[in-house]
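The block underneath contains the structure these notes are about, expressed in structure tokens.
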DNA sequence: AAGGAAAATGACATGATGTCAATAATACAT
DNA sequence: ATGTATTATTGACATCATGTCATTTTCCTT
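Chains as they are written, first to last, in this note's numbering: chain A, 1 to 204; chain B, 1001 to 1204.
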């Protein structure tokens, strides 16, 4: 809590340097993408010495992971939505809302997500961060389906884990399409269509 | 046809060099993945001079694209399956078969697909190759849905293009999971589950 | 004010890329 | 056959990014 006030001047300098670097790194990443971005560009923009970057971070990957933390936090929040529908209609509404919120992230955080997408393909560490988010969602959806099956709302013969993955995958791929700006339809239209098929396919 | 017989000796040498390089490149890619693989390793393995690689190809990307051509061809073949179902049941069968064939590719071509997946994240050229395959499938599925809607087999109120994308996305993501060996369920089980939800959701 | 510790620095070693002028191998004309 | 033109191959080189580390700078403590 009050720890932050006991910071001495040189620790403060360290923190400021770190911040300068992170800010510069963000600009460079957004401008050039993960692959083309270099440490040299970042330290130049931040007005610090080359080696300094390696004092604070292990490399590009490490920097991006820190920069992505906000965004990842938001994804985790969306995954936490509670799900206790009483009827099929209610289930559909909750699912539609969650899918919409998820896809909206692509629009809100488009720029950083573009960098992130590229980084996922290159860096194992970053790929694992995204995998964790994915598994969190799938785990959650899986539980939701199991709940719906117990409540006799959803078809009991379907493997709920496989169904959950399949549903998340549709959402995820649309997310990346929107991130890449490759999609002309509105988020609402997309969410409506995929939710309609999924819920009619899964629910009784 | 008979063109190949009219090759003179030095053209033949050129072709053999190219082949040697491709073969070596494949080994290196499979061993180290796209990102870590270097031209130096390849020319060493192929016993040719460094510059020679750049005579035949523009770089790593270019080489991988050539190596992937077989595999890509197979995807295009799967996308071409004809679709004129008379009943819902018949539609389900065709769709199940196609999904299974698609996912089986992940197992059959796992090694090269692993390299390919990494390359998609790094190289624009390769990413575009995959996008072309994806759009081919989506285009085809889209037409199939439209046909089913006209035949009063599928629900007419759904946007067939959005539905097609969503369906393909589930398939594609499962494909990559299988490629990465991250999936324990059988291809058949996966195909059965996702097809069941999709067809029940889409068809009347 | 001196000495010690934390933070910052940039020169360096390493390794990858793509280019290009030079060289080797082959074809062709006489 | 021999000389010349054409095509294929080569590896040294310029360039650029990375990560390390011995050194320097800045700040804290006593």
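Don't be surprised by glycine CBs; every beta carbon is placed ideally from N, CA and C. Treat the numbers as computed from the prediction; the structure is a model and nothing was measured.
Discussion item. What would DSSP say about residue 154 of chain A, mapped onto helix, strand or coil?
Written reply: strand
Practice prompt. Check the C-beta distance from residue 1096 of chain B over to residue 1192 of chain B and give it rounded, since I have them as a contact under 8 Å.
Written response: 7 Å
Item to complete: State yes or no: is the C-beta of residue 198 of chain A within less than 8 Å of the C-beta of residue 154 of chain A?
Response: no
Worksheet entry | Those residues which DSSP pairs with residue 203 of chain A across a bridge | Here residue 203 of chain A is bridged, per DSSP, to A:154.
Discussion item. Using only CA atoms, which one of A:60, A:93, A:55, A:98 lies nearest to residue 76 of chain A?
Written reply: Answer by Cα proximity: A:98.
Discussion item. Please tell me whether residue 1202 of chain B has its Cβ less than 8 Å away from any Cβ of chain A.
Written reply: yes
Item to complete: With 8 Å as the limit, tell me which residues of the segment 1180-1203 of chain B have their beta carbon closer than that to any beta carbon of chain A; keep them in chain order.
Response: Residues 1185, 1189, 1190, 1193, 1194, 1196, 1197, 1198, 1199, 1200, 1201, 1202.
Item to complete: Within the same chain, show all residues whose beta-carbon is closer than 6 Å to that of residue 160 of chain A, passing over the 5 residues directly before and after it, in chain order.
Response: 142, 145, 146
Discussion item. Among the candidates B:1102, B:1156, B:1043, whose CA atom is the shortest distance from the CA of residue 1175 of chain B?
Written reply: B:1102
Worksheet entry | CB-CB length for residue 133 of chain A against residue 72 of chain A, believed under 8 Å | 6 Å
Fill in: First through last residue of the alpha helix (DSSP H) which encompasses residue 1044 of chain B
1039-1046
Discussion item. Do residue 122 of chain A and residue 35 of chain A have their beta-carbon atoms positioned less than 8 Å apart in this structure?
Written reply: yes
Discussion item. Rounding to the nearest angstrom, what Cα-Cα distance links residue 1007 of chain B and residue 1056 of chain B in this structure?
Written reply: 17 Å
Discussion item. Let me confirm a value: residue 1156 of chain B is counted as buried when at least 16 other C-beta atoms fall within 10 Å, else exposed. Which label applies?
Written reply: exposed
Worksheet item: So which residues on chain A does residue 971 of chain B lean against when the C-beta distance must stay under 8 Å?
Response: The first residue shown for chain B is 1001 and the last is 1204, placing residue 971 of chain B beyond what the model contains.
Discussion item. Let me see if you follow: with CB-CB separation under 8 Å, is residue 1170 of chain B close to chain A or not?
Written reply: yes
Worksheet item: Is it true that the CB of residue 30 of chain A sits closer than 8 Å to the CB of residue 111 of chain A?
Response: yes
Discussion item. For a test of the three-state rule: what should DSSP assign to residue 1035 of chain B, helix, strand or coil?
Written reply: helix
Worksheet item: Comparing the C-beta of residue 1163 of chain B with each C-beta of chain A, is any distance below 8 Å?
Response: With its beta carbon less than 8 Å from one in chain A, residue 1163 of chain B belongs to the interface.
Fill in: Pairwise C-alpha distance: residue 85 of chain A and residue 1074 of chain B
44 Å
Fill in: Cutoff 8 Å: residue 166 of chain A Cβ touching any chain B Cβ
yes
Discussion item. Report the start-end ranges of each alpha helix (DSSP H) in the segment 1046-1117 of chain B that is 4 residues or longer and not cut off at the edges.
Written reply: 1050-1056, 1060-1079, 1088-1108
Fill in: Counted within 10 angstroms of its Cβ, other Cβ atoms place residue 1184 of chain B as buried (16 or more) or exposed
exposed
Practice prompt. With a 10 Å radius around its C-beta and 16 neighbouring C-beta atoms as the bar for buried, classify residue 152 of chain A as buried or exposed.
Written response: exposed
Discussion item. Am I right that residue 1115 of chain B and residue 1064 of chain B are in contact with their C-beta atoms under 8 Å? What's the rounded C-beta distance?
Written reply: 7 Å
Item to complete: Look up residue 123 of chain A in the DSSP assignment and say whether it is helix, strand or coil.
Response: coil
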